[in-house]
Each structure stands twice: as structure tokens, then as C-alpha cells.
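Asks: Please read through the structure below; I'll follow up with questions.
Numbering (my numbering), first residue to last: 956 to 1152.
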């Protein structure tokens, strides 16, 4: 189980391909968080907000203070190819709109919304894998027969069912935008018993 602070980051520049890991890998050693084993009871008991009603008045009574989730691990370390100019939260960018986690329940486009991440091989790989799993599991609904019959086929795999926020860990849940900024993402790790020598 992994908890994320979904602040948005803005990227600039590019990196050299000379030594993509080098000192960066050395600096990170020992900082990898050990996440607890997945437990639906923990998700169902999760406190999704600040516990203070989200906003409270400053002691002087001037302006409301918005409480937001700050990851105890600090800002996430991004791949070296992603240069962060500054961090912002979704509500700081989408001023006239409420951000959503799932915009369309029958289709999604991870590529155009994430063009700023495509300079990173790791991010391209992650986005491509999510899209590949979507296509493999839901290919029957994309067939010509299904389209000709104007059927809306059931989706067998939905990536947003691995994101939890303001919801319980039940089948078919829908994560909601959390202005506090706390989300839990269910990750799977594949371990191979093939050792390099």
C-alpha cells in the first residue's frame, strides 16, 4: 500500500544520457520506503481529510487556512530525466473547475494528458503498461461486433479501481477528488527468481 501526495509538478529541460543513475542512485540508497502489506481494513479506516473540516479561520479571523496532506516521506524522487521547476496542487491550477479522478468511465487517454512526462523512459513505460493492460483486458468491448451492436460492454479492468480516496475498499468503488490531497494507490510487485551474475 502506498500513500501519495498528488501535487502536480512542472517539468523543464532534459538530462544527459551519459550517466542516468550515477550519483543520483547513490544518494537515494536507503531512502526507499517499505510500504505495509495491502489491507482493505486499513483503507476502510483511513482518515481522508485533515480532521479539522478542511478549512479553518486564521486566529486573526482574516482568511481561511486550507489544510493539505503532506507526505511524511517528503516530496517523491522523480527519475533524473524529469526536471521539476515547481510544485502545485490541482486546485491551484484548475481555478474554475473541480478536478476529477475519472472523467470518462469507458475510455481514457493517458498520453495527451501526460506529454510533459514522456521525456522519462520510466514514465513512458508505466503509462504504456497501464494502457496495454487496459487494451488486453477490455479488447472484447473494442471489437467491431460490439461497436456495430452499439453495446456498452462491461469493463473487466479499470485502472482507477487501484486508486482510493474518500471511498471504501469495495469492488467497483470510484475514487473522488480529495482537496486535502491524500490518495492510496494499490501497487503490485512482480518478483522473479532469476538472479543476475
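Cβ atoms here follow ideal geometry from the backbone N, Cα and C, with glycine treated the same way.
Evaluate contact between the region 1075 to 1085 and the region 1026 to 1043, counting only Cβ atoms and requiring at least three cross-stretch pairs below 8 Å.
Replies: Verdict: yes, contact present.
Asks: Am I right that residue 1109 and residue 1120 are in contact with their C-beta atoms under 8 Å? What's the rounded C-beta distance?
Replies: No, residue 1109 and residue 1120 are not in contact; Cβ-Cβ is about 24 Å, not under 8 Å.
Asks: Take the Cβ of residue 1125 as the centre, count every other Cβ of all protein chains shown within 10 Å, and call the residue buried at 16 or more, exposed below.
Replies: Exposed is the call here.
Asks: Let's see if you can read the secondary structure: which residues bound the alpha helix (DSSP H) around residue 1040?
Replies: It is not in any alpha helix (DSSP H) - residue 1040 instead sits in the beta strand (DSSP E) that spans 1039 to 1043.
Asks: Give the straight-line distance between the Cα atoms of residue 1064 and residue 1093, rounded to the nearest whole angstrom.
Replies: Spanning the two alpha carbons is a distance of roughly 15 Å.
Asks: When the Cα atoms are used, what is the spatial distance from residue 1122 to residue 1128?
Replies: In a straight line, the C-alpha of residue 1122 is about 7 Å away from that of residue 1128.
Asks: When the distance is taken between beta carbons, is residue 1023 closer than 8 Å to residue 1138?
Replies: Going by C-beta atoms, residue 1138 is not nearer than 8 Å to residue 1023.
Asks: Report yes if the CB atom of residue 993 is closer than 8 Å to the CB atom of residue 1056, and no otherwise.
Replies: Their beta carbons are not under 8 Å apart, which means residue 993 does not touch residue 1056 by this criterion.
Asks: Would you tell me roughly how many angstroms separate the C-alpha atoms of residue 1132 and residue 1149, rounded to the nearest one?
Replies: Looking at the two C-alpha atoms, the distance is approximately 40 Å.
Asks: Based on the DSSP output, what are the partners of residue 1118 in its beta bridges?
Replies: Answer is 1140, bridged to residue 1118.
Asks: Might you give, ordered along the chain, the residues of its own chain that have their beta carbon closer than 8 Å to the beta carbon of residue 1086, omitting 5 neighbours on each side?
Replies: Once the five neighbours on either side are set aside, the close Cβ partners of residue 1086 are 1065, 1066.
Asks: Mind checking whether residue 1112 and residue 1144 have CB atoms under 8 Å apart?
Replies: No, the Cβ-Cβ distance between residue 1112 and residue 1144 is not below 8 Å.
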